[in-house]
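Numbering (this note's numbering), first residue to last: 1 to 320. Think of the CB as a built atom: it goes at the ideal place given N, C-alpha and C, for glycine as much as any other residue. As the structure is a prediction and not an experimental result, all values here were calculated from the model. So the structure is just underneath, and the comments pick up after that.
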Amino acid sequence: MTALFWRICLLNGVIFTLGTLILAFSPATVSARLRLTEVPVLVIGLAVILTANAVALRTSLAPLDELVASMRRVDPPRRAVRLERGASGDFHQLIETFNAMLDRLEAERSVAGGTALAAQEGERRRIARELHDEIGQSLTVALLRLKRVVDRAPAELREEVEAAQETVRGCLDEVRGIASRLRPDVLEELGLHSAITALCHEFGRTAGISVRREVDPAISRLDPDIELVCYRIAQESLTNVLRHAGADEVTLLIAAREDTVILEVTDNGRGGAVEDGAGIRGMRERAMLIEATLTITSPTAGGTSVVLVVPVRVRDEVPA
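What follows is the structure, given as structure tokens:
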């Protein structure tokens, strides 16, 4: 602001000095009683002063408009656009401080979000393990005992016992399905390709919605965090399709393009405005953890598209 102050003072000083020199050394004069022939000289001088000040202030204050617009665009789940440092003029230090503040806030948010999501994944694994090891085992034991009861039950009770047996078997399958969704062991053991294949198969079987899967076989094992984020975003996208889209077909694409991996989930259901609920906010937070870009479009013409663009970090293979 000091530089702007002195610039305006200098500009006005130069203009008044030039005006004084013109009046002193040119035929132009200003009498005690203003003459009509002297009006153009004063009007021109006033116009020059106003124009020069307007141009100087507009040029110098333009970065403030950019700063205000950038502040209005700041949204916690999204990465904010940084202002150009080279074109900051008198507000160079202010722009540098603002960009540094955004860097610091996003770094702190990323750490906090990573800690929260890591705790969430840990809790998912714990619940999945308890479902599988405790409830799953108990249901398995109950199923085996019902099988022995069926073999010994009299004819008039056998149908009811068999129905109870099928109910327990259905509960066991459901528990295993929940445990699998909470903790995708196939992701850790076989990688993203196999995990997405299993996810699409399970979704198509339970939801009755056709899933067209296109996974680039050339994609090798990625960083574990990237694989987990891609899997969770694909999982949440399919869940949203089932809950809100009213679609009967979904396309899931994973492809490598230059130095990025792209995950795209598209449906042919209802379009319209997308509300940032807990699921979408969670997807945005996960995307920020791996410095990825998440874009969700849902035109009123129909269909929703979720696109995740991830910078590639290849997973280091452990030698056997």
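Distance from the CA of residue 149 to the CA of residue 161, rounded to the nearest whole angstrom, comes to 7 Å. Secondary structure in the region 185-257: the alpha helix (DSSP H) runs of 4 residues or longer, each lying completely within the stretch, are 185-190, 192-207, 224-240 in chain order. With distances taken between CA atoms, residue 198 lies nearest to 238 out of 238, 222, 163. Secondary structure at residue 290: coil, using DSSP grouped into helix, strand and coil. Cβ-Cβ separation between residue 172 and residue 143: approximately 6 Å, consistent with a contact (criterion under 8 Å).
In the DSSP assignment, residue 305 is bridged to 266, 297.
According to the DSSP secondary-structure assignment, residue 261 is paired through a beta bridge with 256, 310.
For residue 183, the secondary structure class from DSSP, reduced to helix, strand or coil, is coil. Contact annotation: the region 278-285 does not touch the region 244-260, with fewer than three C-beta pairs closer than 8 Å. Residue 249 is not a Cβ neighbour of residue 220, given a cutoff of 9 Å.
In this chain, the alpha helix (DSSP H) harbouring residue 151 covers 136-152. Contact annotation: residue 290 and residue 234 have beta-carbon atoms that are not nearer than 9 Å.
Separation of residue 147 and residue 165 (C-alpha to C-alpha, rounded to the nearest whole angstrom) is 7 Å.
Under the three-state reduction of DSSP output, residue 177 falls in the helix class. When the Cα atoms are used, residue 297 and residue 118 turn out to be separated by approximately 28 Å.
Under the three-state reduction of DSSP output, residue 122 falls in the helix class. Of 177, 285, 312, the smallest CA-CA separation from residue 206 is found for 177.
Less than 9 Å divides the Cβ of residue 222 from the Cβ of residue 312. Around the beta carbon of residue 189, fewer than 16 other beta carbons sit within 10 angstroms, so the residue counts as exposed. The three-state secondary structure of residue 271, taken from DSSP, is coil. With contacts defined by Cβ atoms closer than 9 Å, residue 225 and residue 251 do not form a contacting pair. Buried is the label assigned to residue 227, since at least 16 other Cβ atoms lie within 10 Å of its Cβ. In this structure, the CA atom of residue 11 is about 27 Å from the CA atom of residue 68.
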